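Since the structure comes first, as structure tokens, the remarks are kept for the end.
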Amino acid sequence: QAPQATDSLPKTTMEELCETPRQWDTTEPMPPAQPSLRSMPVMYSGGTSGKVLRILCYGDSMTAGFCKGGHEFEPYARAMAESLGLVGERYEVFVCGLSGLRADTMADGANGELVDCVGFRGKGLVKALVENGPFDLAVLMAGTNDMSCRLPVQAIDQSLRRLHGACHCRGVPTIALAPPPAPSRGASWEMTRQGVLAALQKFALQTPGVVACIDTANLVDARKADLWDADGLHYSPCGSCAFGQQLAKLAWRDVLPKLSELQGVDFKSTSTVSSWPTVGQAAPWATCQPQMWPMSPWWSGALPVCAWVLVQV
263 QAPQATDSLP
273 KTTMEELCET
283 PRQWDTTEPM
293 PPAQPSLRSM
303 PVMYSGGTSG
313 KVLRILCYGD
323 SMTAGFCKGG
333 HEFEPYARAM
343 AESLGLVGER
353 YEVFVCGLSG
363 LRADTMADGA
373 NGELVDCVGF
383 RGKGLVKALV
393 ENGPFDLAVL
403 MAGTNDMSCR
413 LPVQAIDQSL
423 RRLHGACHCR
433 GVPTIALAPP
443 PAPSRGASWE
453 MTRQGVLAAL
463 QKFALQTPGV
473 VACIDTANLV
483 DARKADLWDA
493 DGLHYSPCGS
503 CAFGQQLAKL
513 AWRDVLPKLS
523 ELQGVDFKST
533 STVSSWPTVG
543 QAAPWATCQP
553 QMWPMSPWWS
563 GALPVCAWVL
573 VQV
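For any residue, its number in our numbering is found by taking its place in the sequence shown, counting from 1, and adding 262.
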């Protein structure tokens, strides 16, 4: 079991936590994510008291934290729950990440059960919403496998809209996460990814149920090799933890207040968050020592500047 970030720290502000970081023995191997992902969704929690905010993170292998060829998994939901728990009240973050599945497959199987490419079983999106809900928010990230299959952007966009619509018609607002960049895939991959991102941003601006659209390229640096798996497509365990921590930061700052407006409940605690840990610090069991990823020429420049879009509701 991974050590809890609040074992010996009082409930306080994130700024104070950052000023006195806790030291961990980095010589010990990072424990595998618990509980098992063989049957999903599974839940991670953070915080100890107060109103519970329940979040569903749904998607493909990037959501599952697939790495090392499927021999290790580190869902970003764990770091997200733990990071939110440091400064909020109580958070329950559920994860269902179906490795190898396309967005259209998820949409077609939303009412049943699905089996992914490593043999893990997960509930379809609608089934998870009904049987594991109610949820206050859903975080959806899919489309990577659709891009691998060279599906056109329009088809990917339609599948992603179906997934978001399944949440909206059940009263659950969503965060739309664009597929992450892939350091090993080159310029053509990024051009397609930018097309999917643009389609998601347009959808978000037109759809009140989408409370945020985030370009994941801004959360994990594609130039830092230790944040990426050897395949150059998936996050490393450290990268998934960094992603979850950064997503928690954005959710706390900009999304949770919107949920309060939508639902009439203030999920944001009275803690004052003026600073957050830098990348890697949300995962005390995995200290990151960034290294530069050897980039192909198009990656040598600055990453595309596409900040996430906040949707006015």
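Idealized CB from N, CA, C, for every residue including glycine.
Remember, it's a predicted structure, so these values are computed and weren't measured experimentally.
Among Gly381, Glu523, Leu402 and Val380, nearest to Ala365 - alpha-carbon criterion: Sequence index remark: in the sequence shown, residue 365 carries index 103 (1-based). Of the listed residues, the one whose Cα sits closest to Ala365 is Leu402.
Entirely enclosed beta strand (DSSP E) segments - the segment 364–452, minimum 3 residues: 375–377, 383–385, 399–403 and 436–439
Opening and closing residue of the alpha helix (DSSP H) in which Glu344 lies: Start at 1 with the first residue of the sequence shown, and residue 344 comes out as number 82. Note, Glu344: alpha helix (DSSP H), Tyr338 to Val349.
Straight-line Cα distance separating Gly312 from Ala404: The residue you call residue 404 lines up with position 142 of the sequence shown. The residue you call residue 312 lines up with position 50 of the sequence shown. The alpha-carbon atoms of Ala404 and Gly312 are separated by roughly 32 Å.
Proximity below 8 Å, CB of Gly471 to CB of Pro445: Taking the first residue of the sequence shown as position 1, residue 471 is located at position 209. Taking the first residue of the sequence shown as position 1, residue 445 is located at position 183. Contact flag unset, no.
Close beta carbons around Phe328, own chain, < 7 Å, minus the five adjacent residues each side: In the sequence shown, the residue the question calls residue 328 occupies position 66. For Phe328, where only same-chain residues beyond five positions count, the Cβ hits under 7 Å are Phe335, Ser361 and His496.
Cβ neighbour criterion (16 or more within 10 Å) applied to Arg515: Counting from one through the sequence shown, the residue named residue 515 turns up at place 253. Counting the other Cβ atoms within 10 Å of the Cβ of Arg515 gives fewer than 16, which makes it exposed.
Which of helix, strand or coil DSSP assigns to Ser307: Stepping through the sequence shown from its first residue, residue 307 is reached at position 45. In the structure shown, Ser307 sits in a strand (DSSP, three-state: E or B).
Whole-angstrom distance between Lys389 and Leu318, CA atom to CA atom: Here residue 318 corresponds to residue number 56 of the sequence shown, with the count starting at 1. Here residue 389 corresponds to residue number 127 of the sequence shown, with the count starting at 1. Going by the C-alpha atoms only, they are around 12 Å apart.
Backbone CA spacing between Thr406 and Pro441 [nearest angstrom]: Taking the first residue of the sequence shown as position 1, residue 406 is located at position 144. Taking the first residue of the sequence shown as position 1, residue 441 is located at position 179. Cα-Cα distance, rounded: 6 Å.
Alpha helix (DSSP H) segment containing Gly506, residue limits: The residue labelled residue 506 in the question sits at position 244 within the sequence shown. Per DSSP, Gly506 is one residue of the alpha helix (DSSP H) stretching across Pro499 to Leu512.
Cross-strand partners of Val357 (DSSP beta bridge): Taking the sequence shown and counting its residues from 1, one reaches residue 357 at position 95. DSSP lists Val304 and Cys319 as partners of Val357.
Bridge partners - Arg352, DSSP secondary structure assignment: For the purposes of this step, residue 352 is identified with residue 90 of the sequence shown, where counting begins at 1. Here Arg352 is bridged, per DSSP, to Val314.
Environment of Met342 [buried if 16+ CB atoms lie within 10 Å]: Start at 1 with the first residue of the sequence shown, and residue 342 comes out as number 80. Classification of Met342: buried, given that the 10 Å Cβ count is 16 or more.
Whether Gly386 touches Asn373 by CB criterion (8 Å): Counting from one through the sequence shown, the residue named residue 386 turns up at place 124. Counting from one through the sequence shown, the residue named residue 373 turns up at place 111. Contact: yes.
Closest by C-alpha distance to Lys330, when choosing among Gly448, Ala492, Gly371 and Lys486: By 1-based counting over the sequence shown, the position of residue 330 is 68. Taking only the C-alpha atoms, the option nearest Lys330 is Ala492.
Reduced DSSP secondary structure (H/G/I, E/B, other) of Val473: Walking along the sequence shown from the start, residue 473 turns up at place 211. Strand.
Gln416 classed as buried or exposed, judged by whether at least 16 other C-beta atoms fall within 10 angstroms: Taking the sequence shown and counting its residues from 1, the one referred to as residue 416 is at position 154. Exposed, by the Cβ-count rule.
Same chain, Cβ closer than 6 Å to Gly384, neighbours up to 5 away in sequence not counted: Start at 1 with the first residue of the sequence shown, and residue 384 comes out as number 122. Exclusion of the five residues before and after Gly384 leaves Met302, Cys358, Leu360 and Leu376 as the residues of its chain whose Cβ lies within less than 6 Å of its Cβ.
Span separating the alpha-carbon of Leu271 from that of Gln508: Sequence index remark: in the sequence shown, residue 271 carries index 9 (1-based). Sequence index remark: in the sequence shown, residue 508 carries index 246 (1-based). A caution first: Leu271 carries a pLDDT of 26, below 50, which makes its placement in the model unreliable, though a value can still be read off. Cα to Cα, Leu271 sits roughly 21 Å from Gln508.
Distance CB(Met409)-CB(Thr454) smaller than 8 Å: On the sequence shown, position 147 is the one that residue 409 refers to. On the sequence shown, position 192 is the one that residue 454 refers to. In this structure, Thr454 lies closer than 8 Å to Met409 by Cβ.
Which listed residue (Phe505, Thr478, Leu391 and Val349) has its alpha carbon closest to that of Pro443: Along the sequence shown, one-based indexing puts residue 443 at 181. Taking the Cα of Pro443 as reference, the smallest distance to any Cα among Phe505, Thr478, Leu391 and Val349 is reached at Thr478.
Candidates Ala339, Arg300 and Leu391, of which the one nearest Val380 by Cα: Locating residue 380 in the sequence shown gives position 118, where the first residue counts as 1. When each option's Cα is compared against that of Val380, the closest is Arg300.
Alpha carbon of Ala449 to alpha carbon of Glu351, nearest angstrom: As a working mapping, residue 449 is identified with position 187 in the sequence shown. As a working mapping, residue 351 is identified with position 89 in the sequence shown. Rounded to the nearest angstrom, the two C-alpha atoms are 42 Å apart.
Buried versus exposed, by CB contacts within 10 Å (16 or more), Arg412: Counting from 1 along the sequence shown, the entry for residue 412 is found at position 150. With fewer than 16 Cβ atoms within 10 Å of its Cβ, Arg412 is classed as exposed.
CA-to-CA distance, Met324 to Gly506, given in whole angstroms: Stepping through the sequence shown from its first residue, residue 506 is reached at position 244. Stepping through the sequence shown from its first residue, residue 324 is reached at position 62. Their Cα atoms are separated by approximately 11 Å.
Proximal residues to Arg424 (C-beta, below 6 Å), its chain only, five neighbours per side dropped: Stepping through the sequence shown from its first residue, residue 424 is reached at position 162. Excluding sequence neighbours, Arg424 sits near Ala369.
Nearest to Asn480 (by Cα), restricted to the options Pro414, Lys464, Gly309 and Leu512: Within the sequence shown, the letter at position 218 stands for residue 480. Looking at the Cα atoms, Leu512 is the closest of the given residues.
Ala460 to Val304 span [Cα, whole Å]: Here residue 460 refers to the residue found at position 198 when the sequence shown is read from its first residue. Here residue 304 refers to the residue found at position 42 when the sequence shown is read from its first residue. Rounded to the nearest angstrom, the two C-alpha atoms are 31 Å apart.
Which residues DSSP lists as bridging Glu334, in chain order: Counting from one through the sequence shown, the residue named residue 334 turns up at place 72. DSSP output for Glu334 lists Cys329 as bridge partner(s).
Cβ-Cβ distance between Ala510 and Val482 below 8 Å: Against the sequence shown, residue 510 aligns to sequence position 248. Against the sequence shown, residue 482 aligns to sequence position 220. Going by C-beta atoms, Ala510 is not nearer than 8 Å to Val482.
Tyr338 beta carbon less than 8 Å from that of Ser502: Your numbering for residue 502 matches position 240 in the sequence shown. Your numbering for residue 338 matches position 76 in the sequence shown. Yes.
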